[in-house]
């Protein structure tokens, strides 16, 4: 029964890179994590803590060294074959030769949607990210933030149950970044997707998430989990809310505790 | 909110009649130095030949070449067409084969590992040296002899560039396809081929020049009486250099025309490419 309430179940996952005693790097050590339907979970940690690796293992882009990931009750591999994942990378990774609308349709073409359905979905998704009037433009005619919105539209076009986002706003300037965070929450509120969001920005993680998973480095492991019970819908005022600061502090302290333990070793 | 002001000015704005006229003027101004330099060069040539009394058979004056060109046009123009046909035939043959092998090589790793070292080695040998042998194989007046030289000449740059374009694909773009559980065929059509187009077109442009050179030079080793290369070598042997120069002008014009046609095709096939984007100010 409990399994049914879990979208992603990460069990005893470890990941080691490289061969041989001295060159081997333990990227992840014994990760256990459950993610529930409709959650917005951030993986937060310093660079080198393996948060992106963990996301890639969930998305079946890299195999774990040991342990297993279950997605919707299936193996991660099967979930990828069933097209349960929408992915957004740090770079928008739009195809230069496709217009904005055609980029959004890319997964739909691969998945053999009929043309009429593709057009209609692309239009809906572009309306959702408020880029309807740019559907015939090419990616290079858009700003970085707009490109990333197209990439979110593309990821959601085939209604995946799980949205995996790997530092999607990492390449944007601070102003665009805050605007994009609001956008993302608005878009997410109109879907039923569960989100796993990798970031190294504490305010970003707190602002967006329903739960922040704090990770520590060398080897990467889960240092703590913090529920973010700030009310939704969240807006720019949320960032000025006293609870927001309390949660920021809580997350920061969790990170620092880990650092202190690291240097004590 | 992001607004339209974030955009690079779009093409529509530049197609107004007034804007178009000013663009024409703009491009005229752009090419003016080249035109002036060309005219000055010809004038200097004319003057130097007259001043130093250089013999006509060594370096004919441009004015003499121009007159000869007009007189000989009925001979050298058909000869140029004949040679262009060889160049084009070889171009199509060589590029076609190059692309085919490139697809196979990009698809099967072992084929690539076995084949590429040879391809690179052969690419750096002077293939034009094969011309007398090909003349022997196919018969000296058979256009196929020249086409096969041209084909071998253009095969390697096209193949190597196409392989590069098909395999040097952005990792994230590939992972995106992987996340859709896309088949290798879908990756090929949606990602590898569009990615290879710029590589292939730059190879085509090199190949266009190579094919004209290849056809003419292989005709120097003998060929049909109607061929431009044969005409040039015969006129040169008779010290008819004004005639030879006229034929070279035809060769030049045809080479440039070929290149321009490819540019147009490139523009039509990949209007999205970086090199073709309007430059915003």
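Chains as they are written, first to last, in our numbering: chain W, 8 to 272; chain X, -16 to 264. From the three backbone atoms N, C-alpha and C, an ideal C-beta is built for every residue, glycine too.
>> So if I threshold CB-CB distances at 9 angstroms, which residues from the stretch 7 to 32 of chain X count as touching chain W?
In response: Sequence-ordered contacts of the stretch 7 to 32 of chain X with chain W are nonexistent [C-beta pairs closer than 9 angstroms].
>> Restricting to runs no shorter than 4 residues, where is the alpha helix (DSSP H) found entirely within the stretch 35 to 90 of chain W?
In response: Complete alpha helix (DSSP H) runs here, min 4: 58 to 65, 83 to 88.
> Mind listing which residues of the stretch 135 to 166 of chain X have their C-beta closer than 9 angstroms to chain W's C-betas, in chain order?
Replying inline: Within the stretch 135 to 166 of chain X, those residues whose Cβ lies closer than 9 angstroms to any Cβ of chain W are, in chain order, 153, 155, 156, 158, 159, 160, 161, 162, 163, 164, 165, 166.
>> I need the straight-line Cα distance from residue 34 of chain W to residue 190 of chain W, nearest angstrom please.
In response: So the alpha carbons of these two residues sit roughly 32 angstroms apart.
> Using a beta-carbon distance cut-off of less than 9 angstroms, what residues from the stretch 72 to 99 of chain W approach chain X?
Replying inline: Cβ contacts with chain X come from 87, 88, 89, 90, 92, 93, 94, 96, 97, 98.
>> Within a Cβ cutoff of 6 angstroms, which residues of the same chain sit near residue 181 of chain X, ignoring the five residues on either side of it in sequence?
In response: Hits under 6 angstroms: 256.
>> Buried or exposed, going by whether 16 or more other CB atoms sit within 10 Å of the CB of residue 67 of chain W?
In response: Residue 67 of chain W should be labelled buried.
> In chain W, what lies closer than 9 angstroms to residue 177 of chain X by C-beta?
Replying inline: Those are 102, 103, 104, 105, listed as they occur along chain W.
> Is the stretch 124 to 138 of chain W close to the stretch 189 to 200 of chain X, with three or more CB pairs under 8 angstroms?
Replying inline: No, they do not touch.
> By a C-beta neighbour count over all protein chains shown, 10 Å radius and 16 as the cutoff for buried, is residue 254 of chain X buried or exposed?
Replying inline: That one is exposed.
>> I believe residue 169 of chain W touches residue 78 of chain W by the beta-carbon criterion, under 8 angstroms. Please report the beta-carbon distance rounded to the nearest angstrom.
In response: 7 angstroms between Cβ atoms; contact.
> Is there contact between the stretch 124 to 136 of chain X and the stretch 55 to 75 of chain X, where contact requires at least three CB pairs shorter than 8 angstroms?
Replying inline: With the cut-off at 8 angstroms, the stretch 124 to 136 of chain X and the stretch 55 to 75 of chain X touch.
> How big is the Cα-Cα spacing for residue 204 of chain X and residue 159 of chain X?
Replying inline: So the two alpha carbons sit approximately 54 angstroms from each other.
> If you run the structure through DSSP and keep just helix, strand and coil, what is residue 221 of chain W?
Replying inline: DSSP places residue 221 of chain W within a strand segment (E or B) once states are collapsed to three.
> What residues of chain W sit near residue 169 of chain X, judged by a beta carbon separation below 7 angstroms?
Replying inline: Within chain W, the C-beta atoms nearer than 7 angstroms to that of residue 169 of chain X come from 117, in chain order.
>> Please list, in chain order, the chain W residues whose beta carbon lies closer than 9 angstroms to that of residue 119 of chain X.
In response: Residue 119 of chain X does not reach chain W, its nearest Cβ partner there being about 46 angstroms away, counting only Cβ pairs nearer than 9 angstroms.
>> Does the structure place the stretch 152 to 167 of chain X close enough to the stretch 205 to 218 of chain X that three or more beta carbon pairs sit under 8 angstroms?
In response: At 8 angstroms Cβ cutoff, the stretches do not touch.
>> Which runs of the alpha helix (DSSP H) at least 4 residues long sit entirely within the stretch 84 to 143 of chain X? Give them in chain order.
In response: Assignment of alpha helix (DSSP H) within the stretch 84 to 143 of chain X, counting only whole runs of 4 or more residues, yields 92 to 106, 114 to 121 in chain order.
>> If I measure Cβ to Cβ from residue 3 of chain W and keep anything under 8 angstroms in the same chain, skipping five residues before and after, which residues do I get?
In response: Here chain W has residues from 8 to 272 only, and residue 3 of chain W is not among them.
> Can you tell me whether residue 188 of chain W is buried or exposed, with buried defined as 16 or more other CB within 10 angstroms of its CB?
Replying inline: By the neighbour-count definition (other C-beta atoms within 10 Å, threshold 16), residue 188 of chain W is a buried residue.
> Going by the beta-carbon positions, is the gap between residue 184 of chain X and residue 40 of chain X smaller than 8 angstroms?
Replying inline: With respect to the 8 angstroms criterion, residue 184 of chain X and residue 40 of chain X are not classified as neighbours on the basis of their beta carbons.
>> Can you tell me whether residue 182 of chain W is buried or exposed? The criterion is at least 16 other CB atoms within 10 Å of its CB, across all chains shown.
In response: Answer is exposed; the Cβ neighbour count stays below 16.
>> Measuring straight from C-alpha to C-alpha, what distance separates residue 260 of chain W and residue 153 of chain W?
In response: As the crow flies, the alpha-carbon of residue 260 of chain W is around 34 angstroms from that of residue 153 of chain W.
> Are at least three pairs of beta-carbons, each pair with one atom in the stretch 226 to 245 of chain X and one in the stretch 146 to 155 of chain X, less than 8 angstroms apart?
Replying inline: As far as the Cβ criterion goes, the stretch 226 to 245 of chain X does not touch the stretch 146 to 155 of chain X, which means the pair count is below three.
>> In the DSSP assignment, the alpha helix (DSSP H) including residue 212 of chain X goes from what residue to what residue?
In response: That run of the alpha helix (DSSP H) goes 211 to 220.
> Got a sec, what are the start and stop residues for the alpha helix (DSSP H) residue 19 of chain W sits in?
Replying inline: Premise fails: residue 19 of chain W lies in the beta strand (DSSP E), 15 to 24, not in any alpha helix (DSSP H).
> Taking just the CA atoms, how far does residue 91 of chain X sit from residue 97 of chain W?
Replying inline: If you take the alpha carbons of residue 97 of chain W and residue 91 of chain X, they lie about 31 angstroms apart.
> Based on Cα-Cα distance, which residue from X:7, X:48, X:5, X:57 lies nearest to residue 209 of chain X?
Replying inline: When each option's Cα is compared against that of residue 209 of chain X, the closest is X:57.
>> Pull the bridge partners of residue 233 of chain W from the DSSP assignment, please.
In response: W:219, per the DSSP bridge assignment.
> From which residue to which residue does the beta strand (DSSP E) around residue 173 of chain W run?
Replying inline: From DSSP, the beta strand (DSSP E) with residue 173 of chain W extends over 169 to 173.
>> Are the CB atoms of residue 255 of chain W and residue 171 of chain W within a distance shorter than 8 angstroms?
In response: No, Cβ-Cβ distance for residue 171 of chain W and residue 255 of chain W is not below 8 angstroms.
> For residue 250 of chain X and chain W, any beta-carbon pair shorter than 8 angstroms?
Replying inline: Not closer than 8 angstroms to any Cβ of chain W, the Cβ of residue 250 of chain X fails to qualify, so no.
> Taking Cβ positions, are residue 187 of chain X and residue 133 of chain X nearer each other than 8 angstroms?
Replying inline: No, they are not a contact pair.
>> Taking the straight line between their C-alpha atoms, what separation do you get for residue 248 of chain W and residue 145 of chain X?
In response: If I take the Cα positions, the gap works out to 57 angstroms.
> What is the rounded straight-line gap between the Cα of residue 136 of chain X and the Cα of residue 228 of chain X?
Replying inline: Residue 136 of chain X and residue 228 of chain X: Cα-Cα distance of roughly 25 angstroms.
>> Against chain X, does residue 252 of chain W count as a neighbour if the rule is that its beta carbon must be under 8 angstroms from one of theirs?
In response: False, the Cβ-Cβ gap to chain X never drops below 8 angstroms.
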